[in-house]
Amino acid sequence: MLTLTSLTLRDFGPYKGQQIISFARERGVYIAYGPNGRGKTTLHNAFRYALYGEILRRNRREQPGELANSESSKERGYRSFATVLEFVSESVKYRLTRSYDERENPSEVMLLERDGAVLAQDHAEKVVNQLAPRSVSQFFLFDGELLRKYEALLDTDSPEGQDLEREIERVLGIPLVVQAREHVAEYRKSAARRLADIAKTEEDTQRLGASLQQAEDQKASLQQSAEEILKDLKSAQSRLDELEEQLKSQQQSEVLLDRLDGLRQALKRADDNQDNARQALSELAPDLWKLLLSSRAAKHVEHLASEIEKGEADLSTARALERDLQHLDHQADCPVCHRGTDPQLREQLLSELRDQLNGLNSEQIRTNLELSRAARKKWEAFSPMDVRLVVDRDKALRAYQLERHDILEEMDDIEAKLSGIGEETIRQLRTERHQRSLQIFRANERLQKHEEQIKEQDTYIQGLIRMIGRHTGKTDRTIILKEQVAAELVKLFEESITAYRAKLRRKVEKRASEVFVDLAAEPDYQRLSITDGYGLQILGPDDEVITGRSAGYEHLVALSLIAALQDSAAVRGPVIMDSPFGRLDPDHTAHVVAALPKLARQVILLAFEGEFDRQEAVNALGPNLVGEYTLERVSGRHTRLSAQRS
Amino acid sequence: MQDESSELYSTVREVREEKFPGLDAKLVEDLLSIQVQYASDPVEARKRTETTISAWATDHGEKG
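Printed below as a string of structure tokens:
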């Protein structure tokens, strides 16, 4: 169990001069905030460098000088830097110093002090590797990128997943039993061979000795053959996984092909619609020039309408006057009230009516009216109604053109996607998948047969050894005992591996589930279930496996696995995370921040400002938040680690 | 690896008691201890495994 006390940096990256980050308590959360480019990743790498003298993704052994602070190097005239990591393990204090000075030879030096005493270099490396094994550093020293690697394991049996599975088994201690079994098996084999050699020299057991040697040779041959089958099996499985992946994209291609067919039909319809719309618009083409006159025409129509109205009124008046005159010429009464009229008044009325009628030439009015009506009809041909028709038909044509353009654009897109994988390729992939599946099936059958034959051979060997035992002396009996006890031990370790693996899986599953429930915001996600390859599945209320989970949830499952592995002594200690929230929404980020104390005893989180609500984090973590640091800019090449709470 | 070791020991112990009661418990624990102690040095672990079984067989062969 390793507990950090402090990390001191001297001229390491942007951390100019000597700067210290302290870890006052063995339990709690420490957060360092800093904007992009201020040195968060360098600080994360400083922990890695301090422990292992390496930086991820860069070959430090070739260019370690690049880690030196450039301002200090310029001021001094040479490049140098150092990291000092102080920690406690099992009540023993350690101080691990790594320094670089380009003037020295060797330029990089590592120094490990245990309770103040300096350890020899070789021993120091071993001690560091025992306290914080480099091979399992991915479980306590990780960033968002590394978390994605876990997702491969959580979802499939990918090659990355297999590597990770091996590392997890290493953390859990399984290789110890595997190695014990292998060592004992080798010992048994050598004891059996020695016994066969001795038996061959005795007359009574000569034939049995030769048979034993032959049986051992056959067993070795079967084992070698089984190993080769297993190797082929793994390679075929790996290729099959690749093929499945490629065929997955082919499934997508089929969907795309269907869509393309649909689009081709839609394009045909759009073409027809476009042609019809173009035809309808072109029918209006001979009269399109009229649109130019439409405004003037409207004014003319309006003016003529008023003229026609006036003409009709005049004509009506003229007709009434003619009727009244005709009445007065032939009748003595009034044409309106039909009472008798005074002759003088009648003459006066006749005179006025004639005067009025003289001002109104009904023939002329009628002629003008006809002319006006004809003119109105002519101008009405350029009326606004015709303009609307043109606009509507033009609009329809444009809509069909736009629809056609969209269809063509989507077709281009799909055709580009489909061009990456041809039909012939898909057929080849399917054939190979079938062949590989068959190969795997047959290899499994052969492997099973070999295992049965090895067991039969073992029984036969034990029988031969018992027979030899009946004829041998004391020395030979010791060798027989060696072989027999070793054979029993091999079986014991074999069965112990299975039992131990099952036990550890249950332990990881239980712990990961507890943490996951705290991290997940979805109440229907009840627990995690572990697969043979340490993949973790999310289970719902009725223990059904939740499929199609989001990238964010993959992240949460990965963090839960890391927390569960913290129960193993090999990785128990601090967890140092660099911006691990990349794919989480604010709600889940807040959940993870609040649950940080459950991930490990000491959690050191490097985050950028705004990655989560700082005040909410303070409230959620309460007394578990032990230290807060900010990375402050002094200059472009100088960052200061400033303690806000420590 | 203290915790893993104790859990490993207890698992192997359970399997031995249940299925291989004739195997010497101390021999089994000694062999596991070698693996734990020399986890980072398999050559030494193998050498010590051989020595331990040989010594046990010699001792028990003589007694037998």
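One line per chain: the protein sequences are A and B, in this order.
1 is the number of the first residue of the first sequence in my numbering; add one for each residue after it.
1 is the number of the first residue of the second sequence in my numbering; add one for each residue after it.
Just so it is clear, CB atoms sit at the ideal spot from N, CA and C, and this is done for glycine as well.
Inter-residue distance for A/V557 and A/F516 is about 7 Å (C-alpha atoms, whole angstroms). From the beta-carbon of B/V15, the residues of chain A found nearer than 7 Å are L492, E495, S496 and A499. A residue is called buried when at least 16 other Cβ atoms come within 10 angstroms of its Cβ; B/P21 does not meet this threshold and is exposed. For the pair A/A180 and A/F493, the Cα-to-Cα distance works out to about 7 Å. At least 8 Å separates the CB of B/E44 from every CB of chain A. A/P541 counts as exposed, since fewer than 16 other C-beta atoms from the protein chains shown sit within 10 angstroms of its C-beta. The Cβ of A/N129 sits closer than 8 Å to at least one Cβ of chain B. At least one CB atom of chain B sits nearer than 8 Å to the CB of A/K482. Taking the C-beta atoms as reference points, A/D585 is found nearer than 8 Å to A/G552.
Considering only A/L606, A/G573, A/D476 and A/R505, the residue with the shortest C-alpha distance to A/K200 is A/D476. For A/V485, the residues of chain B that pass the 9 Å Cβ criterion are L23, D24, L27, I53, W56, A57 and H60, in the order they occur in the chain. Residue contact check for B/S33 against chain A: no CB pair falls below 8 Å. Nearest C-alpha to A/D394 among A/A643, A/R506, A/E104 and A/L288: A/L288. Out of A/A563, A/A590 and A/P580, the CA that lies nearest to the CA of A/V618 is found in A/A590.
For A/Q484, the secondary structure class from DSSP, reduced to helix, strand or coil, is helix. A direct Cα-Cα distance of roughly 15 Å separates A/I426 from A/D241.
Under the Cβ criterion of 8 Å, A/Q179 is counted among the residues facing chain B. For the 8 Å CB-CB criterion, A/F608 and A/V592 do not form a contact. Chain B has a Cβ within less than 8 Å of the Cβ of A/R477. Proximity of A/G173 to chain B, defined by a Cβ-Cβ separation below 8 Å, is satisfied. Against chain B, the beta carbon of A/K126 has neighbours under 7 Å at S40, listed in chain order.
Taking the Cα of A/D613 as reference, the smallest distance to any Cα among A/L267, A/A594, A/L631 and A/N273 is reached at A/A594.
With a beta-carbon spacing of about 25 Å, A/L146 and A/Y100 fall beyond the 8 Å limit used to define contacts. For A/E628, the enclosing beta strand (DSSP E) covers residues L625 to S635. Assigned with DSSP and collapsed to three states, A/Y525 falls in coil, not helix or strand. It is roughly 28 Å from the alpha-carbon of A/L438 to the alpha-carbon of A/T547. Ranked by Cα distance from A/L292, the first of A/A192, A/L631, A/L328 and A/A381 is A/A381. The C-beta of A/H183 comes closer than 8 Å to at least one C-beta of chain B.
Close to A/Y94, with beta-carbon spacing below 9 Å, lies no residue of chain B; the smallest spacing is near 17 Å. Secondary structure at A/H638: strand, using DSSP grouped into helix, strand and coil. A/Y187 has a beta carbon lying within less than 8 Å of a beta carbon in chain B. Within chain B, F20, L23, L27, V28, L31 and I53 have C-beta atoms less than 9 Å from the C-beta of A/L489, given in sequence order. In terms of CA proximity to A/D115, A/E90 leads the group A/Q218, A/E90, A/S635 and A/L605. Taking the C-beta atoms as reference points, A/E202 is found nearer than 8 Å to A/H471. Looking at the DSSP output, A/G582 sits in no beta bridge, so it has no partner there. Distance from the CA of A/A332 to the CA of A/L321, rounded to the nearest whole angstrom, comes to 17 Å.
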